[in-house]
Every structure is written in C-alpha cells, then in structure tokens.
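Chemist: What follows is a structure written as structure tokens; I'll ask about it next.
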Amino acid sequence: MAYGIYNAYHKSILHATTNWLEKYCNETGSSGPSDTSHDLPFSDIIHVIILPNFSETLETLCETLDVLASHTMALTQYKICLAMEETEFGSKQKALVLMRLYSDSFFEIVYTIHPANLPGEIRGKSSNVAWAAKEMAHNAADGLKGRHSHEIVTIVDADTCFAEDYFTSVTYHYCTATPEQRKMLMFMPPTVFDRNLNQVPAFVRIYDIGWSIGVMSNFHDSSIIKFPCSAYSISMDLCVTVNFWDTTPEAIGEDFHMYLKCLFSTQGRVIVKTIFSPASCCNVEGIGNGISGYLDGLKAKLIQSIRHMWAALDIGYILRRILLGVLAPEYDLMVNQSSIADDKLIPNRSKFGGLTFKLFVNLIHRALEAQTLIGQAFLFMLFSLIIIPSGGSHGYIWNLLTTSSVHPYVELISKISAFTQLLILIPNVLILIYYQKYHKFVGFERWILQPMDKKESLTINSKSKFFQRSHLSKANKNFKVSRLGRRPTLFSERSLKKQFVEGLFTPIFVGVLYYLIPVFFCQIKQLFTDKLDYQVAGKPTVYNSNVSSGSDNNLELLLTKNMNDINSGNDGSINASANNLNNIVITLHQNDFNAEGNDLVEVLSDEGYGGSDTSFCSKI
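Just so we're aligned, residue 1 is where the sequence shown starts under UniProt numbering, counting upward by one.
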C-alpha cells in the first residue's frame with residue numbers, strides 16, 4: 001500500500017503534465033485531432049457518460065454536469081445519459097429540466113428511465129447502469145448495427161467529478177491501441193475524497209482515506225489484477241460483447257462484478273489501463289446538525305459499508321466461473337479473439353476458467369483479501385490483544401477461560417506479532433505522508449497550475465491558502481499542467497498534523513465499526529439470502545450551484561425543496577401526493593418561462609423534449 005500511494009502521487013504528476021493530444025500526434029504522425037492519416041482520429045471517439053442517480057438533488061447533478069460541460073470535447077464528443085429510476089417520484093421532470101439546461105453544452109444529452117420490478121433484477125446501481133447502457137447502444141439510428149463504431153462508456157456517480165485530462169488520456173490510449181485491443185479495453189482511475197472531507201466524522205474520513213489508498217494499491221504497473229472503484233470506463237464493444245452489466249443479486253458491487261465478468265468472458269485478456277486523473281468523490285453525510293447529524297453520519301457510513309461488503313458474493317461468482325471453465329469451457333464465453341498474439345504465449349487457460357495459473361492465484365488472493373481475509377486477520381489481532389497475557393500481566397480474561405499457563409510458542413508468536421505491528425508503523429507513516437502530498441496535488445495544486453479562463457478561475461476559492469500559488473510545493477511550482485476544466489465547487493483542505501493524529505487514534509475503532517461488523521454481518525446474513533435492500537448513501541448538497549454554464553441564455557435553476565424530502569415507502573417505492581408535488585417548484589428564468597410540477601412536462605414536450613414511455617431514450 002505504501003508503494004501504491006507513492007506510485008499514484010508521482011504518476012498523477014506525470015499524467016497532469018502530459019499533453020495527451022500532443023502525445024497522440026507525436027506517436028501517430030497526425031497533424032491534429034481530425035487528421036485521418038491515422039486509422040483512428042482523436043476526434044472520432046465518442047464518450048458515452050452515464051450518470052446513474054436516485055433522489056439526488058438537482059444542485060448535485062448540476063455541479064457534475066457543469067464540470068463536464070467545461071471540457072473542450074464536451075460539445076463534439078460527449079454523450080450524456082441521465083440514468084433515472086422509475087421508482088423516484090419526479091425523475092422524468094428532473095431529467096427534462098437538466099436536458100433543457102444543458103442542451104447546448106454537450107454533443108448529446110438524453111435520459112433513460114429504468115423500470116421498476118423487472119423479473120430477476122435487484123434494485124441498485126448495476127441494474128440502472130445496465131438498462132441505460134443497453135438503451136444507449138440500441139437506440140442508435142439503426143440499432144446496434146448503426147451505433148457509432150468507437151464509443152467509450154464512462155460510469156460516473158452523480159456526485160463524482162472528472163477533470164478534462166481523464167477523458168483526453170482515455171481517448172489517447174484507445175486511439176493508439178490496435179483494433180483488436182480496442183474491443184477489450186477498460187480504464188480505471190484512482191479516487192480522491194477532496195470535496196467534503198472535513199464535514200464528516202473522523203471515523204468516516206479515515207475509512208474513506210483508507211479505502212482510497214486501498215484502491216490505489218492495486219494500480220501499480222506490476223499488478224495484473226486491477227479492481228475499479230465506483231467510476232470507470234469501458235469500451236462499448238466490450239459492453240455489447242459481454243451483454244452489459246449483470247442485474248442479479250451478486251452484482252450489487254457493480255464495478256468489481258463487471259470487471260470479473262469481462263475478465264472471465266475474455267479468458268483473462270481484458271486490458272486495463274490506469275488513468276491517473278482521479279475521480280473526485282464526496283464522503284457520505286448524515287442528515288441534521290450537531291450530535292444527531294454526527295450519529296446519522298456514522299450510521300449512513302455503516303449502511304454503505306455493509307453494501308460494499310455484500311460484494312463478498314463475488315467470491316462465489318469467481319468460483320462458479322472457474323468451475324464452469326473446467327466443466328464447460330465454452331459456457332458463457334462471449335469473446336473469441338483468436339487473433340490476439342498472447343494465445344501462444346500463455347498456455348493452459350482452460351484449467352482455471354480460461355485464466356492463467358498466475359492470474360487465477362492473484363485473483364483469488366485479491367478477492368479474499370478485499371472481502372474476508374483482512375476481517376479475519378483484524379479479528380485475530382483484536383482477540384490476541386485482549387485475551388493473551390503479555391508483559392508480565394496476569395491476563396484476567398485468560399484466567400477466566402483456562403487455568404493453564406500460556407504455551408511458550410504462543411507467547412513467542414505473540415511477541416513476534418507485536419514486533420511486526422511496530423514495524424508496520426514505518427510504511428503507515430509513509431502512507432500518511434504521501435497521501436497528504438497526493439491529496440494536495442490532485443485536489444489543489446494541479447488546478448492552480450492549469451491554464452484557466454475567467455469562468456474556471458471563478459471556481460477557485462482565492463480566500464483559501466490552499467489555492468494560493470505561494471502555497472505550492474517548491475518541487476511543483478514550475479510544472480506545466482494540461483487543461484483540466486472547471487474545478488468542483490466543494491473542497492476540503494487537509495493538514496499532515498491532523499492526518500497523523502486521526503491516523504494514530506482512530507484506526508481500531510474504524511476497523512471494528514466499518515470493516516469487522518459489516519464483514520461478519522454480511523457473511524452470516526448471506527447464509528440465508530443473497531438479497532440486500534440497496535440504500536442510496538446521503539451526499540452533500542452544493543448550494544447556489546452555478547448552472548449558467550449550461551446555457552448561453554443565463555438559465556437559473558432554483559429548487560425550493562430537496563427531492564429527498566419526499567416520503568419513501570418501506571418497499572422502496574415513492575409515495576407521491578399533491579402536497580409533495582406542490583413543494584417541488586422549479587423555476588427557469590428564460591423568456592419569463594415558469595413551470596410548476598407536471599406543467600413542466602407539457603411545456604417541455606411542446607418544445608420537443610420528453611415523451612410518455614418510461615423505456616424511451618429521449619434525445620435532443
């Protein structure tokens with residue numbers, strides 16, 4: 001992990017200071033993005049950006065869309081898909097408002113509405129993304145045959161933001177790959193919690209930082225297994241070939257599961273590129289202020305952690321795919337790329353579900369490590385500290401359990417374990433130091449160093465010392481950073497001193513609350529069911545969001561009541577009422593246009609937006 005964060009920090013600097021279009025031109029001999037002398041011009045790539053959301057505030061969605069709209073390629077290469085849920089009251093109206101606001105900001109902006117209660121599906125991100133991706137692929141001019149031949153699907157949570165160089169780097173890697181490789185490409189960024197880190201309890205903060213570091217630890221060059229986390233990209237060809245995302249209970253961890261599906265369906269040939277322009281994420285927040293808000297924040301994180309650990313079902317999925325690979329090698333094998341050169345170089349794929357032995361061992365180890373082994377090791381360490389006498393102590397709990405003395409070998413192992421834990425402090429200190437450097441560079445320094453226009457400079461908080469050029473690290477002051485676009489409005493400053501204090505006093509409590517309890521809760525509950533009620537985690541609201549970038553006519557959007565305030569039924573459905581509807585007032589300041597409630601649908605439909613079919617992919 002220490003090497004992982006060290007690597008991520010230096011690779012992030014290298015990535016930010018690379019002009020990816022220039023690099024493409026130099027390697028291909030092209031004169032520009034539209035030069036057809038190369039087999040695939042830079043400007044021919046279409047980015048299908050899917051935003052799955054449920055009960056997210058309009059301000060949150062506008063913040064994400066504002067950031068995307070500030071990118072150079074937005075008008076010519078970004079297709080935005082607002083993946084809405086039928087179970088959310090007012091989801092269609094919300095999508096129509098956003099389409100109206102951003103119709104002039106992207107190459108295309110559409111919405112899909114995922115129907116409720118489809119047979120065999122579980123409610124959650126995976127089923128919504130699967131529906132949206134299928135709609136985006138099938139609703140081209142002539143269906144699948146008529147879709148654009150070079151599309152890359154990017155999954156972005158409603159509160160997650162990407163800098164422009166993420167998409168330019170993805171475009172570069174896709175264009176410079178061979179035609180065969182393009183059909184099995186995935187792109188994975190590290191994460192950074194740099195938005196509301198200081199507004200959440202320390203336990204939540206430390207857990208999320210640890211989660212972020214854990215993700216980065218599997219992105220070093222020598223790692224042959226790379227798990228995505230939350231936001232990632234995948235070629236549309238690969239999506240279609242593997243029949244999109246699964247929607248069964250075991251797919252609740254949609255990112256990890258989709259990677260596994262692609263890995264097995266391509267017999268381990270899926271190509272994963274790490275893009276060191278991180279996904280900017282928000283921490284989970286509770287509802288309310290003071291003690292009640294603090295406790296609700298802890299509860300919200302616990303619910304999210306249980307959902308994350310529910311992905312232990314994927315261990316069963318791995319074993320099933322390996323077993324099927326042995327007993328029925330052709331079962332569910334969706335990719336037949338006999339032209340790939342490594343067929344002759346890598347023998348005996350069929351023995352392990354199409355995977356090589358090395359890949360098989362690494363996959364099993366990484367999956368068990370992420371979902372079970374750390375919990376078992378942490379529990380063993382905790383009980384050893386509590387039960388086994390040490391340092392001449394009498395061992396009260398030990399004496400309650402037995403009258404025998406501690407075996408010399410047990411004492412020896414206990415001492416070795418304690419010494420090892422002391423040694424671990426050294427890499428942990430390095431992790432904290434380099435995470436602070438990483439957080440400072442990707443969250444603040446690169447944004448100051450990029451070339452900015454007037455609009456983008458307004459998103460940088462000049463009152464914060466973290467956004468002053470004088471606060472730049474000496475080693476980074478002279479870097480020339482490529483264009484990043486608009487920075488998200490929210491930001492959280494971090495100090496190394498605070499990080500050390502929290503890192504010293506909170507890990508045991510964090511490990512018990514957000515790892516040990518969720519791991520064993522899930523493992524016990526999964527003995528009886530594979531279904532988990534998917535609950536969307538609460539995220540911060542961006543107030544006074546600047547949505548004017550969505551139109552040249554200076555549209556202003558006001559939401560007088562948060563959509564989350566609508567009552568939710570126990571079955572997960574939304575109980576709408578006339579009072580609920582009247583509380584949601586959306587005002588659009590353009591040509592004195594005002595709409596309230598369902599009137600909005602009629603007005604926008606008259607202008608060519610909308611439709612009545614919930615499965616209809618509405619397109620501008």
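Beta carbons are placed, not taken as given, at the ideal position from N, Cα and C, and that holds for glycine.
Suppose you measure from the CA of glutamine 526 to the CA of phenylalanine 162; what does that come to, to the nearest Å?
Modeler: Taking the sequence shown and counting its residues from 1, the one referred to as residue 526 is at position 526. Taking the sequence shown and counting its residues from 1, the one referred to as residue 162 is at position 162. So the alpha carbons of these two residues sit roughly 35 Å apart.
Chemist: 9 Å is my cut-off, CB to CB: does cysteine 229 come that close to chain D?
Modeler: Here there is only one protein chain, and chain D is not present.
Chemist: Just how far apart, CA to CA, sit glycine 66 and isoleucine 448?
Modeler: Translated into the one-based positions of the sequence shown, residue 66 becomes position 66. Translated into the one-based positions of the sequence shown, residue 448 becomes position 448. For the sequence presented, residue 66 should be read as aspartate rather than glycine. Cα to Cα, aspartate 66 sits roughly 19 Å from isoleucine 448.
Chemist: Does the region 219-233 come close enough to the region 17-27 to have 3 or more Cβ pairs within less than 8 Å?
Modeler: no
Chemist: Quick check on DSSP: helix, strand or coil for leucine 355?
Modeler: On the sequence shown, residue 355 is found 355 positions in, with the first residue counted as 1. Correct three-state label for leucine 355: strand.
Chemist: Based on the DSSP secondary-structure assignment, which residues constitute the bridge partners of glutamate 108?
Modeler: Residue 108 sits at position 108 when you count from the first residue of the sequence shown. Paired residues: Lys79.
Chemist: I'd like to check one pair, isoleucine 49 with threonine 154: are the Cβ atoms closer than 9 Å?
Modeler: The residue given as residue 154 occupies position 154 in the sequence shown. The residue given as residue 49 occupies position 49 in the sequence shown. Cβ distance < 9 Å, so threonine 154 and isoleucine 49 count as in contact.
Chemist: Excluding the 5 residues preceding and the 5 following leucine 260 in the sequence, name in chain order all residues of the same chain whose CB lies nearer than 7 Å to its CB.
Modeler: For the purposes of this step, residue 260 is taken as the residue at position 260 of the sequence shown. Excluding residues within five positions, the ones whose Cβ falls inside 7 Å are Asp314, Tyr317 and Ile318.
Chemist: Report the rounded CA-to-CA distance for serine 414 versus glycine 120, giving the unit in angstroms.
Modeler: Taking the first residue of the sequence shown as 1, we reach residue 414 at position 414. Taking the first residue of the sequence shown as 1, we reach residue 120 at position 120. Taking the straight line from one Cα to the other gives about 49 Å.
Chemist: State the beta-bridge partners of histidine 47 as determined by DSSP.
Modeler: The residue you call residue 47 lines up with position 47 of the sequence shown. Histidine 47 pairs with Tyr78 and Ile152.
Chemist: Relative to the C-alpha of proline 249, which residue among Asp530, Leu40, Pro540 and Gln535 is closest?
Modeler: What you label residue 249 is simply residue 249 of the sequence shown in a count that begins at 1. If we check each option's Cα against that of proline 249, Asp530 comes out closest.
Chemist: Going by other Cβ atoms of all chains shown within 10 Å of its Cβ, with 16 needed for buried, is leucine 14 buried or exposed?
Modeler: The count along the sequence shown starts at 1 and reaches residue 14 at position 14. Answer is exposed; the Cβ neighbour count stays below 16.
Chemist: Which stretch, first to last residue, makes up the beta strand (DSSP E) that contains alanine 279?
Modeler: Numbered from its first residue, the sequence shown carries residue 279 at position 279. From DSSP, the beta strand (DSSP E) with alanine 279 extends over 279-281.
Chemist: Drop a sphere of 10 angstroms on the beta-carbon of aspartate 356, count the other beta-carbons inside from all chains shown, and report buried for 16 or more, exposed for fewer.
Modeler: Walking along the sequence shown from the start, residue 356 turns up at place 356. Per the sequence shown, the amino acid found at residue 356 is threonine instead of aspartate. Threonine 356 is buried by the Cβ-count criterion.
Chemist: Are there 16 or more other CB atoms within 10 angstroms of the CB of glycine 4, so buried, or fewer, so exposed?
Modeler: Numbered from 1 along the sequence shown, position 4 holds the residue referred to as residue 4. Counting Cβ neighbours within 10 Å, glycine 4 comes out buried, since at least 16 surround it.
Chemist: My guess is that aspartate 194 and glycine 443 are in contact by the Cβ rule of under 8 Å, so how many angstroms apart are they, rounded?
Modeler: On the sequence shown, position 194 is the one that residue 194 refers to. On the sequence shown, position 443 is the one that residue 443 refers to. That belief holds up - the Cβ atoms of aspartate 194 and glycine 443 are roughly 3 Å apart, short of 8 Å.
Chemist: With a floor of 4 residues, list each alpha helix (DSSP H) that falls wholly inside the region 231-303, ordered by position along the chain.
Modeler: 236-241 and 254-265
Chemist: Can you tell me whether histidine 38 is helix, strand or coil according to DSSP?
Modeler: On the sequence shown, position 38 is the one that residue 38 refers to. Coil at histidine 38, not helix or strand.
Chemist: Nearest-angstrom Cα distance between lysine 497 and cysteine 81?
Modeler: Your numbering for residue 497 matches position 497 in the sequence shown. Your numbering for residue 81 matches position 81 in the sequence shown. So the alpha carbons of these two residues sit roughly 42 Å apart.
Chemist: Going by C-alpha distance, which of Lys480, Asp221 and Pro190 is nearest proline 278?
Modeler: Along the sequence shown, read from residue 1 onward, the residue named residue 278 stands at position 278. Closest by alpha carbon: Pro190.
Chemist: Among residues of its own chain, excluding the 5 on either side of glutamine 181, which ones have a beta-carbon nearer than 7 Å to its beta-carbon?
Modeler: For the purposes of this step, residue 181 is taken as the residue at position 181 of the sequence shown. The beta carbon of glutamine 181 is closer than 7 Å to those of Ile271 in its chain, skipping five residues each way along the sequence.
Chemist: Less than 8 Å between the CB atoms is what I'm expecting for lysine 301 and valine 192, so what's the real figure, rounded?
Modeler: Here the question's residue 301 lines up with position 301 in the sequence shown. Here the question's residue 192 lines up with position 192 in the sequence shown. So it is not a contact: roughly 18 Å between Cβ atoms.
Chemist: Do you know offhand how far aspartate 246's Cα is from tyrosine 534's?
Modeler: Against the sequence shown, residue 246 aligns to sequence position 246. Against the sequence shown, residue 534 aligns to sequence position 534. Going from the Cα of aspartate 246 to the Cα of tyrosine 534 covers about 15 Å.
Chemist: Tell me the rounded alpha-carbon separation between leucine 40 and valine 170.
Modeler: Numbered from 1 along the sequence shown, position 40 holds the residue referred to as residue 40. Numbered from 1 along the sequence shown, position 170 holds the residue referred to as residue 170. Cα-Cα distance, rounded: 14 Å.
Chemist: Would you decide whether isoleucine 252 is buried or exposed? Buried here means 16 or more other CB atoms lie within 10 Å of its CB.
Modeler: Looking up residue 252 in the sequence shown gives position 252. When all chains shown are included, isoleucine 252 counts as buried.
Chemist: Output needed for histidine 257: all residues of its chain with C-beta closer than 8 Å, excluding positions within five of it in sequence on either side, in chain order.
Modeler: Numbered from its first residue, the sequence shown carries residue 257 at position 257. Same-chain partners within the cutoff: Ser126, Trp245, Asp246, Glu250, Ala251, Ala311, Asp314 and Tyr317.
Chemist: Under 8 Å by Cβ, that's how I've got phenylalanine 106 and leucine 75 pegged, so tell me the actual separation to the nearest angstrom.
Modeler: By one-based count along the sequence shown, residue 106 stands at place 106. By one-based count along the sequence shown, residue 75 stands at place 75. Contact flag correct, Cβ pair sits at about 7 Å.
Chemist: Have a look at isoleucine 206 and lysine 358 and give me their C-alpha separation to the nearest angstrom.
Modeler: To locate residue 206, count along the sequence shown from 1; it is residue 206. To locate residue 358, count along the sequence shown from 1; it is residue 358. Each residue's Cα considered, the two are about 33 Å apart.
Chemist: Please state the DSSP three-state secondary structure of proline 408.
Modeler: In the sequence shown, the residue the question calls residue 408 occupies position 408. Three-state DSSP puts proline 408 in a helix.
Chemist: Which value, in whole angstroms, describes the spacing of the CA atoms of leucine 197 and asparagine 283?
Modeler: Position 197 of the sequence shown, counted from the first residue, corresponds to residue 197. Position 283 of the sequence shown, counted from the first residue, corresponds to residue 283. One C-alpha to the other measures close to 6 Å.
Chemist: Measuring only the C-alpha atoms, how far is threonine 178 from glutamine 304?
Modeler: Within the sequence shown, residue 178 is the residue found at index 178, counting from 1. Within the sequence shown, residue 304 is the residue found at index 304, counting from 1. Approximately 39 Å between the Cα atoms of the pair.
Chemist: Quick check for students: name the residue ranges of the beta strand (DSSP E) that lie wholly in the region 159-246, counting only runs of 3 or more.
Modeler: Within the region 159-246, the beta strand (DSSP E) runs of at least 3 residues that lie entirely inside it are, in chain order, 185-188, 191-193 and 232-235.
Chemist: Can you tell me the Cα-Cα spacing of methionine 1 and alanine 83, whole angstroms?
Modeler: Residue 1 sits at position 1 when you count from the first residue of the sequence shown. Residue 83 sits at position 83 when you count from the first residue of the sequence shown. Cα to Cα, methionine 1 sits roughly 35 Å from alanine 83.
Chemist: Report yes if the C-beta distance between proline 488 and serine 222 is below 9 Å; otherwise report no.
Modeler: Locating residue 488 in the sequence shown gives position 488, where the first residue counts as 1. Locating residue 222 in the sequence shown gives position 222, where the first residue counts as 1. Going by C-beta atoms, proline 488 is not nearer than 9 Å to serine 222.
Chemist: Leaving out the 5 sequence neighbours to the left and right, which residues in its chain are closer than 6 Å to aspartate 44 when beta-carbon positions are compared?
Modeler: For this step, residue 44 is matched to residue 44 along the sequence shown. Correct list, in chain order: His150.
Chemist: Is any heavy atom of the ligand MN found at a distance shorter than 8 Å from the C-beta of serine 222?
Modeler: In the structure shown, the ligand MN is absent, as is every other ligand, since no ligand is present at all.
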